[in-house]
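J.: Residues in the sequence shown are numbered consecutively from 295, following the working numbering.
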Amino acid sequence: VKFVLPPDASGPTSGVASATAAPAVGQTSLLSRIFGSPSQRKEAQARRKNIIFLGDSLVTGVGCDHEAGEGPTLPRAVAQELSSRLGADVGWLALGETGADILSLSSRLLPSLEREVERCYAMGERVDAVVIVCGLNDMKSCFLHCQPHLNPVAFAANLKHVIASVRDLTGEGCAIVLPGVNVVGVPRFAPFWPLSAFITVAADMWELRKERVAAELAAGGARVAFSSGKGVQLDPSNFCRDGMHPNDRGYQLWAALMAEDLVRAIGKKAVGERDTREE
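Following this line, the structure appears as structure tokens:
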């Protein structure tokens, strides 16, 4: 069966998830019941967080309902989960390129990140977290495209370079999260044993490097965290028609797990860090 990659998500690549405030006793206004009182909205806006997603097809929304035109599901869903947990508005931006590996992120997406950081600073805001989704295309480049120099060790070195660049652009107060990507039970590979077993083992080589990079940098005081993708197992109904990418429901399940780790990452301040928005 010929493989056809679904298109990227259509619609916006950025937005704001607004905190839903519970209506106060005696509120009867429809606007108040939906958006909260003016003071509640002002408070939620003042606590606004900005999250940027940097990565591959999982960031561009391959597998989402293309006709819905709502943009990539993963960044939107994570922002919504964060907004609910933090009681704050959460701005999100997806900087992605389908098929991107870690070298592509460095050469083609970091310039876009720099422009967004400058825009946030110009508005008196900052980037609170950057989520870097990577690894699977690096494995594919190494094995499928026969480029052994793009091995897990080289991937780890290149990932450290990208993280260092992100920290230089966003400042030490910005949390960096590396989501784990779980390929166990992916429908596209499941019928082809032992290939499916090989892909799982190979993917774990890159995931292990990613986890070690996060642990090493965190031990040195950097706000870098690994978010394990093994906390949620997707069944076949949570994948799109290509059998590899999640569908909207699959992305939402993953987003809930990722948001938990993001809340912890955002809540940890670097030594000596001050939140200039509260000064």
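C-beta: ideal position from N, C-alpha, C; glycine also.
Could you give the C-beta distance for P300 and H360, rounded to a whole number, given that I count them as a contact under 8 Å?
T.: Right, the Cβ-Cβ distance comes to about 7 Å (below 8 Å), so this counts as a contact.
J.: For S521, which residues does DSSP report across the bridge?
T.: Partner(s): P473.
J.: At which residues does the beta strand (DSSP E) containing W487 begin and terminate?
T.: Neither: W487 is in no beta strand (DSSP E) and is coded neither H nor E.
J.: Could you say which of K434, G363 and L472 lies nearest to E505 if we only look at CA atoms?
T.: Closest by alpha carbon: L472.
J.: For R482 and E410, what's the separation of their Cα atoms in angstroms?
T.: Their backbone Cα atoms lie some 36 Å apart in a straight line.
J.: Here's a check: name, in chain order, each residue in its chain whose Cβ is nearer than 7 Å to the Cβ of M538, leaving out the five neighbours to either side.
T.: Correct list, in chain order: V480 and R482.
J.: Measure from the alpha carbon of D432 to the alpha carbon of each residue in G515, A497, D555 and A373, then state which is nearest.
T.: If we check each option's Cα against that of D432, A497 comes out closest.
J.: How would you call C468, buried or exposed, if buried means at least 16 neighbouring beta carbons within 10 angstroms?
T.: Buried: at least 16 other Cβ atoms inside 10 Å.
J.: Would you mind reading off the limits of the alpha helix (DSSP H) that contains A549?
T.: Looking at the DSSP string, the run of the alpha helix (DSSP H) that includes A549 is D542 to G561.
J.: Tell whether a beta-carbon distance below 8 Å holds between V384 and I345.
T.: Closer than 8 Å, so yes.
J.: If you measure between the beta carbons of L453 and V507, is that distance less than 8 Å?
T.: Yes. Within cutoff.
J.: Alpha carbons only, please: which of M552, N541, I396 and L407 is nearest the one belonging to G465?
T.: Of the candidates M552, N541, I396 and L407, the one whose C-alpha sits nearest the C-alpha of G465 is L407.
J.: Could you please give me the residues that DSSP links to L389 through a beta bridge?
T.: L348.
J.: Can you check DSSP and say which residues form a bridge with F533?
T.: DSSP, once it has assigned bridges, lists P540 as partnering F533.
J.: Measure the beta-carbon distance from S351 to T392 and round it to whole angstroms, keeping in mind my assumption that it falls under 8 Å.
T.: That pair is a contact at about 4 Å.
J.: Taking the alpha carbon of C414 as the reference point, which residue from R342, C440 and Q374 has its own alpha carbon closest?
T.: The option with the nearest alpha carbon to C414 is R342.
J.: Considering Cα atoms alone, identify which of V425, A458, P442 and L463 is closest to S522.
T.: Comparing Cα-Cα distances from S522 to each of V425, A458, P442 and L463, the minimum goes to V425.
J.: Of all the options W386, H455, F520 and N532, which has the alpha carbon lying nearest to the alpha carbon of R558?
T.: Among W386, H455, F520 and N532, the Cα nearest to that of R558 is on F520.
J.: Determine the extent of the beta strand (DSSP E) in which S308 is found, giving its start and end residues.
T.: Taken as a continuous stretch (DSSP letters only), the beta strand (DSSP E) holding S308 covers S308 to A311.
J.: Do G365 and G349 have their CB atoms nearer than 8 Å?
T.: Not closer than 8 Å, so no.
J.: Bridge partners of A423, per DSSP?
T.: Answer is I345 and A469.
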